[in-house]
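Peer 1:
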Amino acid sequence: MPHKLSDVAGLQIKQFKTNDGVALSYWEAGQGEPLIFVPGWSSHGAQYINLLYLLSKDYHVYVLDPRNQGLSQKVQYGNRIARHAMDLRQFGQHLGLDSASYVGHSMGAAILWHYVDLFGTDSVRRAAFVDQPISIYAHADWTEQERLEAGGSTTSPERMVAAFTAGGPVNALVTDLKVLERSQRTDSPYYRNSESFAAAFVQNDPAALARVLFNHTVNDWRDVVRYKLTVPVAFFSGEESNNLPSQRWAQSVVPGAQLYAYSSAEQGDHFLMFKNPLRFVRDLRTFLAR
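Numbering (UniProt numbering), first residue to last: 1 to 290.
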């Protein structure tokens, strides 16, 4: 594990400006085939320190801090997944990349789905999606099977946003609390390491983080997953995530898609890529080499 930023050879933290004037930061290391990570809600490049350390030996790795997260600029506007997808598009253009492989974790997967919905897959070589429900909001008229396939985990977006951003009261009948529970389990030394980097280098603004969460919660990506993923695709989840049934559904409707399901002993929860980076990197390399 790296113990300081300089342990990641050639690591650089840079910025570029979007066409609506927002300065976005990104973390970059390595050489070779481009590999772009799109972090989840509240996440940023510092939390990817172990993955940067491992993957930059073989790939040119980038981690984009979304607007209002990490070292990127905090703004009152553009707080929609569609705008985040445009930011990702402009990031690739800034780098001058004709194509790259992408990994979206949690909300980062939703950003990548919206990217594909808007711009297609011509610039996407391969795509991996890590434990994102296909629709967070569980509609009242769904059957239980529909809820499981979509991954619906809340019946009240407002209550979920309040619980995740301000510690508002909530219970398991309103929103899935397992992700919060698992985020606090620090029995992985890799997770402790990356979280210590996050605490040392980035101070997130809860008010800024809250701005995109409602929009993120109410999107339904089943049509994109079923009809628009025309490149090699992999899904990652695990036994300690309530999202696993939806990831199985996603794999079943995307021709040739791979599913990597981690056991409890393998830290198979929403944070599997941070808690078990050695297996994740091994599996990701296998997928990217297909």
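Idealized CB from N, CA, C, for every residue including glycine.
Does the Cβ of N276 have 16 or more other Cβ atoms within 10 Å, making it buried, or fewer, making it exposed?
Peer 2: Answer is buried; the Cβ neighbour count reaches 16.
Peer 1: M1 to N193, Cα distance in whole Å?
Peer 2: When rounded, the distance between both Cα atoms is 8 Å.
Peer 1: Using C-beta distances below 8 Å, list every residue in its chain close to V231, excluding the 5 sequence neighbours before and after it, in chain order.
Peer 2: Within the same chain, V231 has close Cβ partners T121, V124, R125, R126 and A127.
Peer 1: How many Å lie between H270 and V130 at the Cα?
Peer 2: Each residue's Cα considered, the two are about 8 Å apart.
Peer 1: Can you give the Cα-Cα distance for D20 and D87, rounded to whole angstroms?
Peer 2: Cα-Cα distance, rounded: 9 Å.
Peer 1: Using 8 Å as the cut-off, can you tell me whether the stretch 183-197 makes contact with the stretch 219-236, which would need three or more C-beta pairs spanning the two stretches below that distance?
Peer 2: Output reads no: the stretch 219-236 does not touch the stretch 183-197.
Peer 1: Quick check on the burial criterion: 16 or more other C-beta atoms within 10 angstroms. Buried or exposed for E158?
Peer 2: Exposed is the call here.
Peer 1: On the criterion of 16 or more Cβ atoms from any shown chain inside 10 Å, does H44 qualify as buried, or is it exposed?
Peer 2: Buried.
Peer 1: Going straight from the alpha carbon of V281 to that of Q12, what length do you get?
Peer 2: Each residue's alpha carbon lies about 21 Å from the other.
Peer 1: Would you list the one or two residues that DSSP bridges to I13?
Peer 2: Paired residues: W27.
Peer 1: Report the option in K14, A82 and Q90 whose CA atom is closest to the CA atom of W113.
Peer 2: It is A82 whose Cα lies nearest to the Cα of W113.
Peer 1: Please name the residue or residues paired with Q258 in a DSSP beta bridge.
Peer 2: The partner list for Q258 (beta bridge, DSSP) reads A234.
Peer 1: Going by alpha carbons, who is nearest to P255 out of E266, N171, V233 and L97?
Peer 2: Among E266, N171, V233 and L97, the Cα nearest to that of P255 is on V233.
Peer 1: Here's a check: name, in chain order, each residue in its chain whose Cβ is nearer than 8 Å to the Cβ of I134, leaving out the five neighbours to either side.
Peer 2: Excluding sequence neighbours, I134 sits near E149, A150, G151, D220, W221, R222, V225, S246, W249 and A250.
Peer 1: Does DSSP put A128 in a helix, a strand or coil?
Peer 2: Of the three classes helix, strand and coil, the one that applies to A128 here is strand, per DSSP.
Peer 1: Which residue marks the beginning of the beta strand (DSSP E) containing Y59, and which one marks its end?
Peer 2: Here the beta strand (DSSP E) through Y59 covers Y59 to L64.
Peer 1: In whole angstroms, what separates the C-alpha of E144 from that of H94?
Peer 2: Their backbone Cα atoms lie some 44 Å apart in a straight line.
Peer 1: Since P39 is in the beta strand (DSSP E), which residue starts that stretch and which ends it?
Peer 2: Unbroken run through P39: none, as it is neither H nor E.
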